[in-house]
Structures are given as C-alpha cells and as structure tokens.
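Peer 1:
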Amino acid sequence: MCRFIETIRIEEGRIYNLPYHNQRLNQTRKAVFGIHTELDLSGIIDSEKCRERTKCRVEYGEEICKVEYFPYNIRPVHSLRLICCDDIDYHYKNTNREQLNDLFAKRGAYDDILIVKNGLVTDTSICNIAFWNGARWVTPAQPLLPGTKRASLLSAGMLVTKDIAIDTLGEYLSYRLFNAMIDFGELEPNINSIGR
53 MCRFIETIRI EEGRIYNLPY HNQRLNQTRK AVFGIHTELD LSGIIDSEKC
103 RERTKCRVEY GEEICKVEYF PYNIRPVHSL RLICCDDIDY HYKNTNREQL
153 NDLFAKRGAY DDILIVKNGL VTDTSICNIA FWNGARWVTP AQPLLPGTKR
203 ASLLSAGMLV TKDIAIDTLG EYLSYRLFNA MIDFGELEPN INSIGR
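Residue numbers (our numbering): 53 to 248.
1) Report buried or exposed for GLY199, applying the criterion of at least 16 other Cβ atoms within 10 angstroms of its Cβ.
2) At what residues does the beta strand (DSSP E) containing ALA182 begin and finish?
3) Applying the criterion that 16 or more other CB atoms from any shown protein chain within 10 Å of the CB defines a buried residue, is PHE183 buried or exposed?
4) Report the residue from CYS136, LYS201, THR147 and ASP175 whose alpha carbon sits nearest the alpha carbon of GLU75.
5) CB-CB under 6 Å to GLN151, same chain, minus the five flanking residues each way: which ones, in chain order?
6) What separation, rounded to the nearest whole angstrom, lies between the Cα atoms of VAL190 and SER226?
7) If you draw a straight line from the C-alpha of ALA187 to the C-alpha of GLY237, how long is it?
8) Evaluate the contact criterion for the segment 132-139 versus the segment 165-178: three or more CB pairs, one atom per stretch, below 8 Å.
9) Examine the Cβ distances between the segment 215-230 and the segment 101-119 and report whether three or more of them are shorter than 8 Å.
10) Let me check understanding here. Comparing Cα to Cα, which of ARG66, PRO241 and ILE87 lies closest to LEU114?
11) At a cut-off of 7 Å, would you count LYS118 as near the ligand NAP, judging by its Cβ distance to the nearest heavy atom?
12) Say whether the segment 76-86 touches the segment 238-246, bearing in mind that this needs 3 or more beta-carbon pairs closer than 8 Å, one atom from each stretch.
13) Between the Cα of PHE204 and the Cα atoms of ILE178, LEU196, ASN231 and THR220, which residue gives the shortest distance?
14) Beta-carbon within less than 7 Å of GLU223's beta-carbon, same chain only, minus the 5 sequence neighbours each way: which residues are those?
15) What are the boundary residues of the alpha helix (DSSP H) that SER131 is part of?
16) Within a Cβ cutoff of 8 Å, which residues of the same chain sit near GLU63, ignoring the five residues on either side of it in sequence?
17) CYS108 bridges to which residues according to DSSP?
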C-alpha cells in the first residue's frame, strides 16, 4: 500500500536536498514497515529534463509505487490565521491530508493557517516556519512534520529549535515560510499578518 510521499524540488536538472529525502524515506520505511534495506531516490528520479522548478512527487510504501512530475509555482502567502488543534498528527509525510485540509478550510480571509498544538506553534498547512528574534532564526522544536529543508537548515546552523508558545509570538520581528520547494527567504510575510 502506498501511503507515504516525498515531495522533491528539481530545477536545472538538479535534485535538491536529496540526502535528506533519502534519509526521511528510509526512516519512515524502517519505522512503519520494519524494512532496513535502504532505497536511493537518485536512481529513481529522472531530473535531466526538468529545467524550470519542478515538483517531483514520489509515492511509496514498502517500495516505490509512483513517481510524478509537475511544474511548480509558489502560492503567495501574505497572512496566517492561528488555528488550534491538539489532536493533529502528521509526523510522517503521507497521502492522507484530510485533517490538514479541514483545518486549512477554516482560514477565512487569510492565505494559510499556522497550526498550534498544545499551546505551541508548529507549521502552516504546507510549510515549516522560522521566526527572527533579532539575533537568530528560531524554528519550532515540535513541528507537525520535520521537513527536509528544515533539517538541512538546522544542519547548516542557520536555524535553532525552541518551543514557541502562542503567547510569545509578539517577541519576534519577522518570520519565514519554507519547505522542500520553497527556499528559505522566498516567503517572508509581515510579522503583523498573523491573526486569530
């Protein structure tokens, strides 16, 4: 059964963050299916024809089930609505986004949502988030999904983790949204655009 996905950026024939996608895919297969044999997506993804920014969607279960390629354009995000949901669980990137979609539908006039779980900021519906405190970029220590871009930024020392309580958001000067398809710094809405 194919219920897990990796979303991978390809541009100018280059596969972005491949080691982090391989790591997450293999960690998921090991945790869910008990499979210790590792797969390498570089032998599965055909990146040569992808000149523009392309979204490569890999569906997998115990093995790779499907690989698809789509042109990608960043969806503009200028505002976020805080949505509380203590029972959400999206630790593994999977094909069932029903709960995320239900929360997203509550955004009202906002462009996206910022999910709060047990009083702590987590992620938007499609991105990890980082806040600028005047000295460092801080990302939630307990995201819904530990993204591959987030992992690479943490490894490079560009981010630090911290539990970010909803009532401390006023301490931050700006924020950025990022994921496997969106570079750190491409989406930086105004800090005052987060509402209830």
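Think of the CB as a built atom: it goes at the ideal place given N, C-alpha and C, for glycine as much as any other residue.
Peer 2: According to the structure data:
1) buried
2) 180-184
3) Flag for PHE183 reads buried.
4) What sits at residue 75 in the sequence shown is Gln, not Glu. The residue with the shortest Cα to Cα distance from GLN75 is LYS201.
5) These residues qualify, in order along the chain: ILE140.
6) 11 Å
7) When rounded, the distance between both Cα atoms is 16 Å.
8) yes
9) no
10) A quick correction: the sequence has Glu, not Leu, at residue 114. Of the listed residues, the one whose Cα sits closest to GLU114 is ILE87.
11) Because no ligand of any kind appears in the structure shown, any question about the ligand NAP cannot be addressed here.
12) no
13) Per the sequence shown, residue 204 should be read as Ser rather than Phe. If we check each option's Cα against that of SER204, ASN231 comes out closest.
14) Non-local beta-carbon contacts of GLU223 in its own chain, meaning distances under 7 Å to residues more than five positions away in sequence, involve ASN185 in chain order.
15) From DSSP, SER131 is part of no alpha helix (DSSP H); its letter is neither H nor E.
16) CYS102, ARG103, GLU104, ARG105 and THR106
17) DSSP output for CYS108 lists ILE60 and TYR121 as bridge partner(s).
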